[in-house]
Every structure is written in C-alpha cells, then in structure tokens.
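So the sequence shown is numbered by our numbering: it starts at 68 and just counts up by one. Notes follow once the structure below has been shown.
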Amino acid sequence: EEIKIGDFQIDLTADYNNETYYFEFKIYKSKRLNRNAIDQVNFYSRQITNGKFVLVTNGKANSENLEKSGITIIGRNGLKKIANNYRNLIELINTTPNNV
68 EEIKIGDFQI
78 DLTADYNNET
88 YYFEFKIYKS
98 KRLNRNAIDQ
108 VNFYSRQITN
118 GKFVLVTNGK
128 ANSENLEKSG
138 ITIIGRNGLK
148 KIANNYRNLI
158 ELINTTPNNV
C-alpha cells in the first residue's frame, strides 16, 4: 500500500500483530545523521497517529537529536546488530524507544 502525506511518500509500510510500521530510510555519505531527517519523520508521525515510525539510517545521531525525537531511530550500530543476525526486528523496535 502506498501512503502519502502531502508530497511525501513513506518509503515502506509493514503490518505486524495489528500494528502498522512506517519506515523512512536515509543513507548519508558522511556518518553523521542530518537533524532535518529526524524533524521530517517526527512531522509525519504527527500526521498519521495509528502506527509506529522508524527512521533507518547509516548515520550516527548525537544525544541531543535522540532526546528530542519521538520516533524509533535505527542508526549505524543498530544496522550492525541486524546485519549480524539480529533475529527479531520488531522486538528491537519495540524495546528501543528512541535509538539503537
């Protein structure tokens, strides 16, 4: 299902256990996460209130970005865990409110 919020199209949606997950993917040349990406996903999460929003990125977020975020962020270290056979992505999202 394609979900749009204004001109924005969500990268991926998934339904699991009666919950909808909305994923936004941001890949950067540098290792630092852009604050605008977090702000953008936070904005969209306020438009759609019936699911969980997850920002997946290869960047590293600083503590200020993470504290102000109301979304789950799977950053560089979280991606390493998943790549190293992290078996339950939903558990990772549900037990990590702001960052991995």
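The beta-carbon is built from N, C-alpha and C at its ideal position, and this holds for glycine as well.
Query: Endpoints, alpha helix (DSSP H) assigned at Ile105; Result: Arg102 to Gln114
Query: Short Cβ contact (7 Å threshold) for Lys93 with Ala104; Result: yes
Query: Where Lys119 falls: helix, strand or coil (DSSP); Result: strand
Query: Run of the beta strand (DSSP E) containing Ile141, from where it starts to where it stops; Result: Thr139 to Ile141
Query: Spatial distance of Val167 from Lys98 (CA atoms); Result: At Val167, the pLDDT of 47 sits below 50, so the modelled position is not reliable; the number obtained from the coordinates is stated separately. Between Val167 and Lys98, the C-alpha separation is close to 15 Å.
Query: Buried or exposed by the 16-neighbour rule on C-beta atoms within 10 Å, applied to Glu158; Result: exposed
Query: Counted within 10 angstroms of its Cβ, other Cβ atoms place Thr139 as buried (16 or more) or exposed; Result: buried
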